[in-house]
Structures are given as C-alpha cells and as structure tokens.
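Chains as they are written, first to last, in full-length UniProt numbering: chain A, 1 to 184; chain B, 1 to 184. Cβ coordinates follow ideal geometry from the N, Cα and C atoms, glycine included. Since this is a predicted model, take the numbers as computed values, not measurements.
2 protein chains.
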Amino acid sequence: MARPPAARTKVLDAYISLLCEEGERAATMEATAAKAGVSKGGLLYHFASKEALAEAVVALSEELILLDLQDMNTAEEGAASYFIRTSAQVDTELDRLLLALQRLAQSGVESANTQLESISSRWLEALMEEVGDKDIAHLIMLISEGLYAFTGTPGTWYQRNFEGNLSHLLELVPQLKKLGHRNQ
Amino acid sequence: MARPPAARTKVLDAYISLLCEEGERAATMEATAAKAGVSKGGLLYHFASKEALAEAVVALSEELILLDLQDMNTAEEGAASYFIRTSAQVDTELDRLLLALQRLAQSGVESANTQLESISSRWLEALMEEVGDKDIAHLIMLISEGLYAFTGTPGTWYQRNFEGNLSHLLELVPQLKKLGHRNQ
DNA sequence: GTCTATAAAAAGATAGAC
DNA sequence: GTCTATCTTTTTATAGAC
C-alpha cells in the first residue's frame with residue numbers, strides 16, 4: 001500500500017465522516033458510497049465488507065496515534081498540557097479517528113475497543129513519565145476524556161457554557177502537578 | 001399512568017439493557033421483545049414505534065434525574081463529591097438511563113440530546129452553587145464526564161488501571177475547591 | 001393485551017457487464 | 001476499477017385472530 005488509490009481514501013473518509021457526524025447506524029455502505037461519490041459496487045471493490053471498512057479505521061488510527069505520541073512526548077509545554085489541550089481539538093484528523101473508533105467500539109466492533117484501550121495505555125504511560133503520581137495522571141486522563149466526550153458531541157451546550165475556558169483549565173495544570181508532588 | 005403495566009416496564013427495561021450492553025444498533029424491536037419475553041406484537045401494543053421506545057427512555061430519565069438532583073443538593077459530603085462519586089457508579093438505575101440516553105443521542109435521537117444538555121445544565125448549576133468558581137466547576141464536570149465515559153465502557157481497561165483509585169480522587173476534591181478560592 | 005402472519009423497506013453482499 | 005442488477009437477510013410496521 002505505498003499510495004492507496006484516491007477512491008479508496010475518499011470512501012474511507014466518507015465512512016469516518018458519517019460515523020462522527022451521524023453515528024454508526026447512519027454509516028451504511030450505501031450512505032458511505034453516496035457520500036464518497038461512488039456506487040455500492042465501487043465501494044465494495046475497495047472494502048469487501050462492512051468489517052473491512054471498520055478495520056481500515058482501526059489501522060488508520062494506529063498510524064496517526066504513533067505520530068501524536070511522538071509529539072506528546074517531545075512537547076515543550078509538557079505531556080500533560082499537550083494532552084489536555086489537544087483533547088479539546090475537534091477538527092484534527094486524529095480526533096475524527098478517535099471519535100470514529102469510539103462509535104465502532106460502542107457498536108460492538110471488538111478490534112475498535114482493543115485499539116482504544118491500547119491508545120489509553122500509551123497515553124497513560126506518557127503521562128506517568130511526566131507527572132510521576134498515579135492519582136494525578138488519573139485525574140488528567142479523566143479531564144481529557146471529559147473534554148473529549150463533551151466536544152465530540154454535535155450539541156453546542158459545552159461551547160455555550162465553557163467557550164474560552166480552556167486556557168483557564170490549562171493554567172490549573174501546573175497546580176495539579178504540584179498536588180501530585182505533595183502526595184508522594 | 002398511575003402504575004404502568006408490568007409488561008410495558010419489562011419491555012422498556014429490556015430496551016435500556018440492550019442499549020447499554022450491546023449498543024443502539026443491537027437494540028432492535030425484535031431483540032428487545034425477545035429479551036423482555038414478549039412477541040413483537042406484544043411490544044408494539046405498548047410502544048407503537050421505535051421512536052416511542054426512545055421517548056420513554058427520555059421520560060424515565062427525567063423522573064430519575066429530579067430525584068438525583070435533590071440528593072445532590074442535600075448531600076452532606078457536598079454536591080461536588082457526591083457528583084464525582086456517583087459518576088463512577090455503574091449499577092444504579094440512573095446511570096443506566098444516562099448511558100442509554102447517550103447511545104440514543106449519538107444515534108441521532110434529537111430529544112435524547114436535548115435531555116442530556118438539560119441535565120448537564122442542572123448539574124452545573126448545582127455545582128456552581130457549592131464551589132462558586134466557574135473554572136473549578138468546569139474541572140469537576142470534566143472529571144465526572146471522564147469517569148462516566150470510562151466506566152460506561154464494557155471494556156475493563158479502566159478497572160485494570162484505576163481500580164480502587166476513586167477514593168484518592170475524592171480526597172483531591174477539597175484541594176481542587178481550594179484552588180478555586182485562590183482564583184477568585 | 002398478547003399472539004401469529006405477513007407486508008414493506010432498508011442493509012449487506014454477489015455476479016457479471018463495461 | 002467502477003458500474004448496474006439482483007439476491008438474502010434484517011428491521012420496522014400492519015392486520016387481524018385469540
């Protein structure tokens with residue numbers, strides 16, 4: 001797969017968009033094909049089954065998470081701040097993939113669930129390396145997951161109530177780290 | 001509806017269980033009827049359509065959230081601690097309902113999304129009353145949402161990594177509140 | 001109130017033309 | 001590589017017996 005065909009990429013992207021924006025139930029092969037601008041037959045040439053589409057999402061997420069972990073581990077602001085800040089981003093390729101993975105996992109796709117757990121493990125590992133304290137790493141994982149859950153929702157309640165509050169949250173991070181050192 | 005028929009209750013409960021344990025896609029009318037031990041026809045007498053089932057979930061969640069808000073506002077440990085502690089509970093009727101609501105919202109059921117936003121607003125209001133500081137209320141909402149997202153997953157990654165860590169988390173709450181007062 | 005039988009639509013997948 | 005046509009299964013919903 002040196003350079004996947006353009007049509008294949010377009011189909012996969014359409015599938016991910018449908019998963020994120022309308023949910024797993026709406027992400028049918030027919031709807032995906034239509035959104036990608038190909039026929040059902042055309043789609044099935046690249047992805048022989050629905051399962052193949054889901055597996056492609058898992059595989060793509062792995063490519064992107066490897067790049068993200070590199071950035072996280074070398075971020076000047078520190079892994080924790082990087083992690084919280086990027087958890088609130090909704091327009092990145094990685095965040096789309098993570099949301100798609102979550103939708104698949106909740107629909108019973110076992111490999112998506114496994115991949116999400118694997119990703120969480122690697123994040124936790126990177127956080128522990130920076131903050132040392134398990135309780136604080138736990139806290140930061142929860143904050144990130146919360147941000148992720150809220151901003152991943154199509155609704156605007158979160159934006160209405162906490163727009164612009166992210167910078168305040170990030171200012172609290174050094175203080176949270178201090179709490180951890182006090183605990184040790 | 002002074003006392004809903006037993007069969008109706010059993011059907012609704014089966015639907016909620018399927019939503020939580022196997023996802024929205026698996027929660028078909030046929031599967032729901034089978035799990036409730038009635039026929040499709042029997043189910044359709046109580047719920048004329050799939051939409052009627054979803055609306056019943058929303059209505060039941062409203063009953064339970066009113067009771068929970070009362071408990072939260074009068075909890076001796078304080079609203080924030082109560083809120084975080086109960087967010088990690090997975091076996092209560094309310095938490096099942098909230099998970100079911102989330103699954104419906106993610107499947108495009110608009111009223112479920114509206115209800116979730118309404119619930120978040122009322123929680124935030126109760127938290128603000130106790131902690132005063134918006135950033136800290138924000139932080140606590142995120143922690144709770146994170147707990148909720150992690151523990152609502154059928155997977156065991158969270159349990160493996162953070163089993164027994166909840167008490168440490170709760171011990172941090174007073175310190176978080178202090179951070180808020182420092183900010184004012 | 002609950003059942004069986006059945007219709008109507010949607011979804012996943014195959015076959016073969018181009 | 002992409003399309004149309006078709007088949008099978010699943011899902012939602014209706015009709016009417018009991």
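Simplified DSSP state of residue i, which is helix, strand or coil
i, result
"residue 272 (chain A)", "Outside the modelled stretch of chain A, which goes from 1 to 184, sits residue 272 (chain A), for which no answer is possible."
"Thr-151 (chain A)", "helix"
"Val-38 (chain B)", "coil"
"Ser-107 (chain B)", "coil"
"Arg-96 (chain B)", "helix"
"Arg-3 (chain A)", "coil"
"Arg-160 (chain A)", "helix"
"Gly-78 (chain A)", "coil"
"Arg-85 (chain B)", "helix"
"Arg-25 (chain B)", "coil"
Start and end residues, alpha helix (DSSP H) containing residue i
i, result
"Ser-118 (chain B)", "110 to 131"
"Arg-8 (chain A)", "6 to 22"
"Asn-165 (chain B)", "Taken as a continuous stretch (DSSP letters only), Asn-165 (chain B) belongs to no alpha helix (DSSP H), as it is neither H nor E."
"Glu-51 (chain B)", "50 to 74"
Other residues of its chain near residue i: CB distance less than 6 Å, five sequence neighbours each side excluded
i, result
"Asp-95 (chain A)", "Gln-89"
"Leu-99 (chain B)", "Cys-20, Gly-152"
"Ala-75 (chain B)", "Tyr-82"
"Val-173 (chain A)", "Ala-80, Ser-81"
"Asn-113 (chain B)", "Ala-105"
"Thr-92 (chain A)", "none"
"Leu-147 (chain A)", "Ser-87, Ala-88"
Contact set for residue i: own chain, Cβ-Cβ below 7 Å, skip 5 residues either direction
i, result
"Phe-47 (chain B)", "Val-11, Leu-53, Ala-56"
"Ile-136 (chain A)", "Leu-176, Lys-177, Leu-179, Gly-180"
"Leu-170 (chain A)", "Ser-81, Ile-84, Arg-85"
"Leu-166 (chain B)", "Ala-88"
"Leu-69 (chain A)", "Arg-122, Ala-126"
"Ser-17 (chain A)", "Lys-35"
"Ala-27 (chain B)", "Tyr-15, Leu-18, Leu-19"
Neighbourhood of residue i by C-beta distance below 8 Å, restricted to the same chain and skipping five residues each side
i, result
"Met-128 (chain B)", "Lys-134, Ala-137"
"Leu-43 (chain A)", "Val-11, Met-29, Thr-32, Ala-33, Ala-36"
"Glu-24 (chain B)", "Arg-103, Leu-104, Gln-106, Ser-107"
"Tyr-158 (chain B)", "Phe-150, Thr-151"
"Glu-62 (chain B)", "Gln-115"
"Lys-50 (chain B)", "Met-29"
Near the ligand FAD: residue i beta-carbon under 7 Å from a heavy atom
i, result
"Ala-48 (chain B)", "As far as ligands go, the structure on display features none, and thus does not contain the ligand FAD."
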